[in-house]
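Asks: Taking UniProt numbering, the leading residue of the sequence shown gets 1, the next gets one more, and so forth.
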Amino acid sequence: MGGTRFIGVFLSRLLVEEGHQVTLFTRGKSPITQQLPGESDEDYAKFSSKILHLKGDRKDFEFVKSSLSAEGFEVVYDINGREADEVEPILDALPKLEQYIYCSSAGVYLKSDLLPHFETDAVDPKSRHKGKLETESLLESKDVNWTSIRPVYIYGPLNYNPVEEWFFHRLKAGRPIPIPSSGIQITQLGHVKDLAKAFVQVLCNEKASKQVFNISGEKYVTFDGLARACAKAGGFPEPEIIHYNPKEFDFGKKKAFPFRDQHFFASIDKAKSELGWKPEFDLVGGLADSYNLDFGRGTFRKEADFSTDDMILGKTLVLQS
């Protein structure tokens with residue numbers, strides 16, 4: 001379900017490499033496959049020839065039931081599911097389903113003074129990811145073999161969320177990087193290719209049956225440290241970092257910084273011990289991979305918008321003068 005924008009682009013390649021028949025269920029509004037930066041024409045043609053497509057809207061529950069039941073799939077990777085009611089028709093359509101593998105989020109955890117988050121930690125029914133939490137509860141209540149993956153912040157080539165791209169835009173423009181509060185807030189990023197490998201490793205894995213796994217990078221990083229890591233990865237000089245109090249500004253609906261202004265990171269020990277999975281990328285190496293295969297080639301998802309930066313810098317300059 002999904003699979004044409006970011007995570008699924010890398011996951012589908014790994015599945016094809018392992019000999020699986022992959023069908024993507026999408027609305028067909030985006031190309032079903034896309035050539036990765038650095039991928040040869042021959043490799044891309046070989047991959048794309050093996051991908052099947054089922055066009056439809058997952059919100060059209062009757063179509064989902066009829067189309068999936070006709071195909072009789074053995075495993076479902078649900079990459080773009082957000083609400084529990086989107087999952088019920090899939091389960092109804094596939095009574096002999098061998099495994100349902102769901103992309104959840106570490107955002108379901110209840111904010112806590114005790115970190116890192118573990119899979120057994122309390123969850124927040126009011127979180128903006130409550131639909132994912134309700135989906136996990138639904139899967140647990142059904143007679144189905146399921147696995148849920150909870151990534152923290154995901155980065156890598158083709159990332160449509162302004163994570164590393166936010167920093168790269170400012171570094172390329174030679175601008176200061178505005179970071180809220182002290183800048184020592186600790187967070188965690190995981191590379192999309194490492195995430196895709198985790199999704200493959202839970203497939204038909206008895207240790208993954210009816211289990212939740214946090215997936216992210218090996219080490220944690222401060223906001224300031226992330227700015228410096230992005231600079232190093234892209235070959236930029238060490239950045240000028242400006243700290244500001246976000247409570248002093250009204251940015252309207254605009255987001256001035258791409259991360260939660262808090263400590264937010266999770267333990268990946270369970271995935272390492274139970275699945276034998278381990279991240280391949282360290283932070284700077286992973287950011288360099290993203291930069292070299294995407295932003296460094298002049299490609300990005302969103303144009304630079306420095307309007308909130310200018311508000312922050314304008315007030316900072318007044319205070320300094």
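Note that beta-carbon positions come from the ideal geometry of N, C-alpha and C, so glycine has one too.
State the start and end residues of the unbroken alpha helix (DSSP H) segment that holds residue 213.
Replies: Walking along the sequence shown from the start, residue 213 turns up at place 213. It is not in any alpha helix (DSSP H) - residue 213 instead sits in the beta strand (DSSP E) that spans 211–215.
Asks: Just the C-alpha distance for residue 100 and residue 244, rounded to the nearest angstrom, thanks.
Replies: Here residue 100 refers to the residue found at position 100 when the sequence shown is read from its first residue. Here residue 244 refers to the residue found at position 244 when the sequence shown is read from its first residue. Computed Cα separation, rounded: 44 Å.
Asks: DSSP three-state label for residue 78, please.
Replies: For the purposes of this step, residue 78 is taken as the residue at position 78 of the sequence shown. The answer is strand: DSSP assigns residue 78 an E or B state.
Asks: Could you tell me if residue 204 is buried or exposed, where buried requires 16 or more neighbouring beta carbons within 10 angstroms of its beta carbon?
Replies: Reading the sequence shown from its first residue, position 204 is the one you call residue 204. Flag for residue 204 reads exposed.
Asks: Quick check on DSSP: helix, strand or coil for residue 155?
Replies: One-based indexing of the sequence shown puts residue 155 at position 155. Residue state, collapsed to three classes: strand.
Asks: Do you know how far the Cα of residue 285 is from the Cα of residue 155?
Replies: Your numbering for residue 155 matches position 155 in the sequence shown. Your numbering for residue 285 matches position 285 in the sequence shown. Between residue 155 and residue 285, the C-alpha separation is close to 12 Å.
Asks: Taking the alpha carbon of residue 33 as the reference point, which residue from 128, 5, 70 has its own alpha carbon closest?
Replies: The count along the sequence shown starts at 1 and reaches residue 33 at position 33. For the residues 128, 5, 70, the minimum Cα distance to residue 33 belongs to 5.
Asks: With distances taken between CB atoms, is the gap from residue 215 to residue 189 smaller than 7 Å?
Replies: In the sequence shown, residue 215 corresponds to position 215, counting from 1. In the sequence shown, residue 189 corresponds to position 189, counting from 1. It is not a contact, given that the beta carbons lie outside the stated cut-off.
Asks: Taking 7 Å as the cut-off, decide whether the C-beta atoms of residue 98 and residue 74 are in contact.
Replies: Against the sequence shown, residue 98 aligns to sequence position 98. Against the sequence shown, residue 74 aligns to sequence position 74. Against a cut-off of 7 Å, the Cβ pair of residue 74 and residue 98 comes out as a contact.
Asks: Near residue 177, what residues of its chain come up, given a Cβ to Cβ distance below 6 Å and the 5 sequence neighbours on each side ignored?
Replies: Here residue 177 refers to the residue found at position 177 when the sequence shown is read from its first residue. Correct list, in chain order: 170, 227, 239, 241.
Asks: Which residue or residues does DSSP assign as beta-bridge partners of residue 147?
Replies: By 1-based counting over the sequence shown, the position of residue 147 is 147. Paired residues: 101, 211.
Asks: Using the beta-carbon count (16 or more within 10 Å), is residue 72 buried or exposed?
Replies: Position 72 of the sequence shown holds residue 72. So residue 72 ends up on the exposed side.
Asks: Tell me whether the beta-carbon of residue 202 lies closer than 7 Å to the beta-carbon of residue 147.
Replies: Position 202 of the sequence shown, counting from 1, holds the residue named residue 202. Position 147 of the sequence shown, counting from 1, holds the residue named residue 147. Their beta carbons are under 7 Å apart, which means residue 202 touches residue 147 by this criterion.
Asks: Rounded to a whole number of angstroms, what is the C-alpha to C-alpha distance between residue 282 and residue 193?
Replies: In the sequence shown, counting from the first residue as 1, residue 282 sits at position 282. In the sequence shown, counting from the first residue as 1, residue 193 sits at position 193. Rounded to the nearest angstrom, the two C-alpha atoms are 12 Å apart.
Asks: What does the alpha-carbon distance come out to for the pair residue 199 and residue 57?
Replies: Translated into positions along the sequence shown, residue 199 becomes position 199. Translated into positions along the sequence shown, residue 57 becomes position 57. Straight-line Cα distance between these residues: approximately 24 Å.
Asks: Can you name, in chain order, every residue of its own chain whose Cβ lies under 7 Å from the Cβ of residue 64, other than the five neighbours on each side?
Replies: Counting from 1 along the sequence shown, the entry for residue 64 is found at position 64. Closer than 7 Å at the Cβ level, and outside the excluded window around residue 64, lie 56, 58, 89, 90, 93.
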